[in-house]
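K.L.:
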Amino acid sequence: MSHAAIRRLDSYSDMFVAFLFTVTEWLYTSYLSGGIVIFFTEVVSNIASFFVQHLNDIKGALKDYVMPFVVLVFTVVAAIATRNSTLTARESLAHTLRTNLRDEFTSRYTILLEQHREQLKVVKEYLDDKDGRNLLNTLMTETDHYRAFSILRGHRVISPYMRVLYHLLRHIYYNYYAENVDINQKKQYASLVRSLIGNDVLFLIAVNSSYIIERGKENDYAKYHFLLKEFDFFEHALFFNANEDISGLKEKALDDSLSKVITKLTHNYKETIKKEREAKFMLNANFELPFIISCIFNNPLYEKSMEYLNSFNDMLNVELDLAVREYIDKNKEHSTISTALIDYYERAYVTASDVRLNSFASTTCITEEQYKTYPVVDDLYLKRALDALKENIEDSVLENYYLRRYNNFGHFSIKDPNDFMISCKSLLEWEMHLNKLKNGEIGQKFRQDNEDRWQLFRAAVLEQRLTRA
11 MSHAAIRRLD SYSDMFVAFL FTVTEWLYTS YLSGGIVIFF TEVVSNIASF FVQHLNDIKG
71 ALKDYVMPFV VLVFTVVAAI ATRNSTLTAR ESLAHTLRTN LRDEFTSRYT ILLEQHREQL
131 KVVKEYLDDK DGRNLLNTLM TETDHYRAFS ILRGHRVISP YMRVLYHLLR HIYYNYYAEN
191 VDINQKKQYA SLVRSLIGND VLFLIAVNSS YIIERGKEND YAKYHFLLKE FDFFEHALFF
251 NANEDISGLK EKALDDSLSK VITKLTHNYK ETIKKEREAK FMLNANFELP FIISCIFNNP
311 LYEKSMEYLN SFNDMLNVEL DLAVREYIDK NKEHSTISTA LIDYYERAYV TASDVRLNSF
371 ASTTCITEEQ YKTYPVVDDL YLKRALDALK ENIEDSVLEN YYLRRYNNFG HFSIKDPNDF
431 MISCKSLLEW EMHLNKLKNG EIGQKFRQDN EDRWQLFRAA VLEQRLTRA
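Under this note's numbering, residue 479 is the last one in the sequence shown; the count climbs by one each step, no gaps.
1) At a cut of 8 Å, does the segment 414 to 425 reach the segment 363 to 378 through at least three beta carbon pairs?
2) Look up Ile452 in the DSSP assignment and say whether it is helix, strand or coil.
3) Compute the distance between the beta-carbons of Glu473 and Ile223, then report whether it is under 7 Å.
4) Going by DSSP in three states, Ile8 sits in which element: helix, strand or coil?
5) By the 10 Å Cβ neighbour count, where 16 or more other Cβ atoms means buried, how is Gly164 classified, buried or exposed?
6) Helix, strand or coil for His421, going by three-state DSSP, please let me know.
7) Just to confirm the assignment, what range does the beta strand (DSSP E) spanning Leu413 have?
8) Which residues does DSSP pair with Val407 in a beta bridge?
9) If Leu447 and Val334 are in contact, beta carbons under 8 Å, what's the gap, nearest whole angstrom?
10) Going by DSSP in three states, Ala358 sits in which element: helix, strand or coil?
11) Can you list, in chain order, the residues of its chain whose CB lies under 6 Å from that of Val33, leaving out five sequence neighbours each side?
12) So the alpha helix (DSSP H) Ser315 belongs to, where does it begin and stop?
13) Please state the DSSP three-state secondary structure of Val133.
14) Could you tell me how far apart the beta carbons of His235 and Leu476 are, in whole angstroms, since I believe they sit closer than 8 Å?
15) Among the candidates Glu461, Asp397, Ser369, Leu466, whose CA atom is the shortest distance from the CA of Ile347?
16) Please check the pair Ile283 and Val217, which I expect to be a contact at CB under 8 Å, by giving their CB distance rounded to whole angstroms.
17) Would you report the Cα separation of His177 and Asp459, rounded to the nearest angstrom?
18) Below 6 Å CB to CB, which residues in the same chain sit around Leu444 once its five sequence neighbours on both sides are set aside?
19) With a cut-off of 8 Å on the beta carbons, I'd call Ala438 and Leu399 a contact; round off their distance for me.
20) Any chance the segment 273 to 283 sits against the segment 124 to 143, with 3 or more Cβ pairs inside 8 Å?
21) Apply the 10 Å Cβ neighbour rule to Lys260 and answer buried if 16 or more other Cβ atoms are within range, or exposed otherwise.
22) Using 7 Å as the threshold, is the C-beta distance between Glu153 and Asn296 below it?
23) I need the straight-line Cα distance from Ser269 to Val132, nearest angstrom please.
24) Here's the rule: buried if 16 or more other CB atoms are within 10 angstroms of the residue's CB, otherwise exposed. What is Glu129?
25) Does the pairing of the segment 325 to 334 with the segment 381 to 396 give three or more beta-carbon distances under 8 Å?
26) Thinking just about the alpha-carbon of each residue, which of Arg204, Leu299, Leu293, Glu240 is nearest to the one in Ala263?
27) What residues are listed by DSSP as bridge partners for Cys305?
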């Protein structure tokens, strides 16, 4: 503001103060005189007089201050109107762009969906044929994850379909027409695709994208795996029913899968701990592919599959402990004197130095009187013989012969010292064998090897489950 304008403003202020003083003085005088009509007349007269006397000054004030303010107000209003017009234009343009993006997305989605429908038809026809059914059955019973994955990689019928499905899911995820949207909005388009796919094909999709780590690095199938995981593509898949024309959750199939493996391993353990030295018949005990896939992808049986995978060794050890107890109960008679050596109880025994021993070779009968002249085997006798064998000391009881008169005609049977020694040693071997089983000395290597093996299996399965976002 210029110095001249400031001086004029001070002048106007002085005049206005003088005016107010004059009006106030007059109001007080009028009040004392009580003339209300005179009051209003004087007010109008004084105001008119003031404006006549200072008209030029008032015009100057309007020119210097009021008019610039009015111009400023109109300028601001015009700027606001211009901004609102610009915002409206921008919103209109953004709406047009969103519409174009949605139309482009939908157009491409429709094309890929039709390609998917055509390729899916080819796969369905293949699975209805003998070769397709054989492929599906092979995969359902396969226990080698990588071998199953390799069967589908580059398959002449399955692979073209998998590529189309991958591009369709990739388009939905990466080319969606709106930015920063919740995955559930994209899942609406993926769910439509999934609704067209049968349970058998869902199983093939899972197998095809399940092996993503090779030699410690992610392969190209990890991208496919990621999309399936993001869209929760297998939330209704029934992997254990893939080769059956039935619906419904087949929880019993998962239980049967676990039971089959544990039963085979328990059989192998029994073969390992048994005393007999004949050839042992060992079974191939591995989880089949549906269980492996069920541990990799989210599905209705994922939680239960993971529970079995994580607690497998504990459940197996329960069965192995039971197998040990049953084995001991079944074979304890072999280590019990009263049963293992029952054939020697109450037999008459004859020392090797007895002169009458040679006569038994030339006769088939022995009189009752003669039979009663020999001492008989009892518990003390057998314990003495067993102690001698345990301590590896010489004892004459180990050289005796054993007679038994078995009818009224005096017919008898005779066992030589070697027969007795074999029976006693067998008892002691069983006793030692069962004691080692009770103490965990036998079968421990099997258990440890099995635990290590299944820990590796668990790690291998979980390695193929994508955890990154």
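We put the beta carbon where it would ideally sit given N, CA and C, even for glycine.
P.N.:
Let's see:
1) yes
2) coil
3) In this structure, Ile223 lies closer than 7 Å to Glu473 by Cβ.
4) Absent from the structure is residue 8, since the part of the chain shown begins at 11 and ends at 479.
5) Burial call: exposed.
6) strand
7) 411 to 415
8) Answer is none; Val407 lacks a bridge partner.
9) Indeed, because the Cβ distance is near 6 Å, the residues count as touching under 8 Å.
10) strand
11) The predicted model places Val33 with a pLDDT of 49, which falls under 50 and marks its position as unreliable; any figure quoted below should be read in that light. So the list is empty, once near-sequence residues are dropped.
12) 312 to 341
13) helix
14) 5 Å
15) Scanning Glu461, Asp397, Ser369, Leu466 for the CA closest to the CA of Ile347 turns up Asp397.
16) The C-beta separation of Ile283 from Val217 comes to about 37 Å, leaving the pair out of contact by the 8 Å criterion.
17) 44 Å
18) By the criterion of a C-beta distance shorter than 6 Å, Leu444 is surrounded in its chain by Ile338, Ser345, once the five residues flanking it on both sides are discounted.
19) The residue asked about is misnamed: residue 438 is Leu in this sequence, not Ala. So it is a contact: roughly 6 Å between Cβ atoms.
20) no
21) Flag for Lys260 reads buried.
22) The question names Glu, yet the displayed sequence has Thr at residue 153. Yes, the pair counts as a contact, with Cβ atoms nearer than the cut-off.
23) 37 Å
24) The sequence shown places Gln at residue 129, rather than the Glu named in the question. Buried.
25) Touching, no, given that fewer than three Cβ pairs across the two stretches are closer than 8 Å.
26) The option with the nearest alpha carbon to Ala263 is Leu299.
27) Answer by DSSP bridge pairing: none, since Cys305 is not bridged.
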